[in-house]
Structure formats: C-alpha cells, structure tokens
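For the sequence shown, the working numbering gives the first residue as 0, with consecutive numbering after it. To keep things clear, I will list the structure first and then write my remarks on it.
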Amino acid sequence: MVDERKLIARLLDQHRSVESQAKRVLGSLADHEARASLEKARVDWTPGRFGSLQERRERLREELATLEAGLKKHFRLEEKSLPSLLGVLLVRAFALQHREILREIEESRSMLSEAKLEGLERDALLVEESRVQQRIGVVLRLVEEHAANEELLLGMIGAVLADAG
Ligand SMILES: [Fe+2]
Ligand SMILES: [Fe+2]
C-alpha cells in the first residue's frame, strides 16, 4: 500500500515537471508568435528578414525535444507500473494516448525543422507561422487533457489507499 502511494506521488510529481516544461513550450510559442506579428507589422519587410524568427523556431524545437524526453520517461513508468493499480485495459487506453501525443510532437518537430522560411513572401511566412501555432497548440492541449484524466483516476485510487491505511 505504501509503495503504491509512493508510486502515485512520484507520478504526480512527474506531472508537475511535465507541466512546467509544457509552460516553457508555451512561452517559446508566445515569443515566436510575437516575433511573427512584429514581422507582419513592419513596413520595411523584405524576404530574408526572418533571422530572429528562425532562432525562435530553433528554441521552440529544443523546448519540444525536452518535453518529449520527459514525457517518454514518464510514459514508460506509467505503462510499466500502472496496470496492477488501474487495470490492464485502462492503461492500454492511456498508452494509445501516449502514442498519439508522441506522434504529434514528432510531427511538430519535423514541421519546425523542415519548413523553409528562406525566400518566403510575407503572407506565406505568416501562413506557415499559424500552422506552427496551431500544431503545437494541439500538442499542449492533448498533454493537458491526458494528464487531467490520469490525475482524476490517480486521485480516486489514492483516496482508496489512504482510507485502507
Ligand atoms: Fe500517461
Ligand atoms: Fe501521466
């Protein structure tokens, strides 16, 4: 019982780390968006004026990679340790969501690395930027919803364990 309670505490602790990493991604995303708006507003804008946007993209990609690494570690622990506590089928359902989240992150990262900003006209650049915003927004929403579902269940199981002493 004590071990199970420790496991729940550990998983919730990892959720807090994932949450703060997701906040850093959100911060980079906002920074990225602000830079894109600034470019949009420039009257002297010419193709090639995207150096700092490219740097912000790179930072966003790094933040996503850190989020991904943290999630992979966390998902491994959940998939290994939770079946005995929550049941095999439920954990399999969570594992499906894990795969989906990791797939979305991969796609976002490759979108960020493949997209060629070079030579794009301003309008095309802004369309590209809004695709990035949208895609990463989906990742963050999936991570948040998934964690909320797990926390609801872990909280309920935790209360049972506490009640059982
Ligand atoms: Fe999970
Ligand atoms: Fe989790």
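Beta carbons are placed, not taken as given, at the ideal position from N, Cα and C, and that holds for glycine. If you're wondering where the values come from, they're calculated on a predicted model, not measured in any experiment.
*How would you write the range of the alpha helix (DSSP H) that G136 sits in, first residue to last?*
The residue you call residue 136 lines up with position 137 of the sequence shown. Segment 121–162, the alpha helix (DSSP H) holding G136.
*Stretch pair the segment 123–130 + the segment 66–75: three plus CB contacts closer than 8 Å*: no
*Can the beta-carbon of I100 be found closer than 8 Å to that of H145?*
Residue numbering aside, residue 100 sits at position 101 when the sequence shown is read from its first letter. Residue numbering aside, residue 145 sits at position 146 when the sequence shown is read from its first letter. Yes, the pair counts as a contact, with Cβ atoms nearer than the cut-off.
_Delimiting residues of the alpha helix (DSSP H) encompassing R108_ = Mapped onto the sequence shown, residue 108 falls at position 109. Start and end: 87–113.
*What three-state label does DSSP hand L116 in the structure shown?*
Start at 1 with the first residue of the sequence shown, and residue 116 comes out as number 117. Correct three-state label for L116: coil.
*Under 8 Å between the Cβ atoms of A35 and L52?*
To locate residue 35, count along the sequence shown from 1; it is residue 36. To locate residue 52, count along the sequence shown from 1; it is residue 53. Cβ distance < 8 Å, so A35 and L52 count as in contact.
*What is the C-beta distance between I135 and I7, in whole angstroms, given that I count them as a contact (C-beta under 8 Å)?*
The count along the sequence shown starts at 1 and reaches residue 135 at position 136. The count along the sequence shown starts at 1 and reaches residue 7 at position 8. Their Cβ separation, rounded to whole angstroms, is 30 Å, which puts I135 and I7 out of contact at 8 Å.
_Nonlocal neighbours in the same chain, by C-beta distance under 6 Å from H97, ignoring five residues either side_ = Your numbering for residue 97 matches position 98 in the sequence shown. F74.
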